[in-house]
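J.: Dumping the structure here so I can ask a few things about it.
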Amino acid sequence: ALDPEMIVPGTEGFTRAYVAHLLRAGEMLGASIASLHNLGFILSLVDGARKAIFSGSFDKYRADFVHDYYYS
């Protein structure tokens, strides 16, 4: 799976290695899968931020995201 923690419709069953191969080979499918995955990531990020804002915990959400994204 591209990212086992994130389920994005249309990207299930594709490994990172296969998508990397498609991108290196110039196959449009690779770009499509990468775009869907990136959109899923952004939507998940914004959804989490929205929920954190409403619950008053955005600072913690941001700190956790930065830590997980850059240091994990």
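Just add 19 to the spot in the sequence shown (first one is 1) and you have the numbering used here. We put the beta carbon where it would ideally sit given N, CA and C, even for glycine.
Could you check where the alpha helix (DSSP H) with residue 27 kicks off and where it finishes?
T.: No alpha helix (DSSP H) holds residue 27; DSSP gives it neither H nor E.
J.: Quick one: using the 10 Å Cβ neighbour count with 16 as the cut-off for buried, is residue 40 buried or exposed?
T.: Exposed, by the Cβ-count rule.
J.: I'd like to know whether the C-beta atoms of residue 56 and residue 34 end up nearer to each other than 8 Å.
T.: In this structure, residue 34 does not lie closer than 8 Å to residue 56 by Cβ.
J.: So, helix, strand or coil for residue 21, using DSSP?
T.: It is coil, neither helix nor strand.
J.: Quick check on residue 77: does DSSP put it in helix, strand or coil?
T.: Three-state DSSP puts residue 77 in a helix.
J.: Go to residue 39, then tell me how far its alpha helix (DSSP H) extends in each direction, as first and last residue.
T.: Where residue 39 is concerned, the enclosing alpha helix (DSSP H) stretches over 35 to 43.
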